[in-house]
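Here is the structure we will look at.
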DNA sequence: GTTTTTATCAACGACATGGTTGAATAGTAG
DNA sequence: CTACTATTCAACCATGTCGTTGATAAAAAC
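Chains as they are written, first to last, in my numbering: chain G, 2 to 111; chain C, 2 to 111.
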């Protein structure tokens, strides 16, 4: 995943409205109007949020008459957790190595 | 994890410089100057990035003479993957249920 | 006690984000 | 053909982000 896509994906999740949309979409596809319903903002603003999510690759869209249902793209979410976990786990292992090193040095002293 | 902390944490990761810092810190603590070294930006800018990461709870800091080493906070990273995975897995299950429903309807028809 | 190192604070500018309203488009329904 | 529904485009404004430079603080080293 390119730097640019990671930028956009994490940025997309850095907004409570868009995270709530992700939560809603995890239960199934929804139209822009359906997504707008819980919020006190204009439909246009919601449309923009959807475009941000789409550009980030976190959702895809289909066509149903004049509606454009939004679907979650779970693979993109998985890439994000993959990125984070890579470094989290690396840090954990680094920590363990340091711990082991300190342990052996302690044994040498005594 | 509050909306506000999630906002800050995802926002913090939505920048390639800060993600590179996370990558560096996964191999062990580093000072501001050490973190600045790979980048063509001022030390002040790096200091700001560190503050963003710290406010987001992704890193912590200690004291060593006039240095203020930065340490990764893996628990915060884990919370983020937890948030994402919650909805990713919910979506997966929803998808499976829908699939099963379509399957039984198909069987009824025949 | 002056200089050096490490890091932060403050003010500024360029640009992006998140909202608004008003107009336009695409498809459905009468 | 007209009217309604769903969605987007365009222009605008307020606020926030990311970088800069210059000044300041704190601890160390000489």
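Glycine included, each C-beta is placed from N, C-alpha and C at the ideal position.
All figures in this text were calculated on a predicted structure; none of them were measured in a lab.
Closer than 7 Å at the C-beta level to chain G, one finds these residues of the stretch 75 to 105 of chain C: 75, 78, 79, 81, 82, 85, 86, 88, 89, 91, 92, 93, 95. For residue 61 of chain C, the uninterrupted beta strand (DSSP E) run begins and ends at 60 to 62, by DSSP. With a cutoff of 7 Å on beta-carbon distance, residue 60 of chain G and residue 13 of chain G are scored as not near each other. A direct Cα-Cα distance of roughly 17 Å separates residue 58 of chain G from residue 25 of chain G. Between residue 6 of chain C and chain G, the shortest Cβ-Cβ separation is not below 7 Å. DSSP places residue 31 of chain G in the strand class (E or B) of the three-state scheme. A straight line joining the alpha-carbon of residue 79 of chain G with that of residue 111 of chain C spans about 38 Å. Inclusion of residue 17 of chain G and residue 16 of chain C in the CB contact set at 7 Å is not warranted, their separation being larger than that value.
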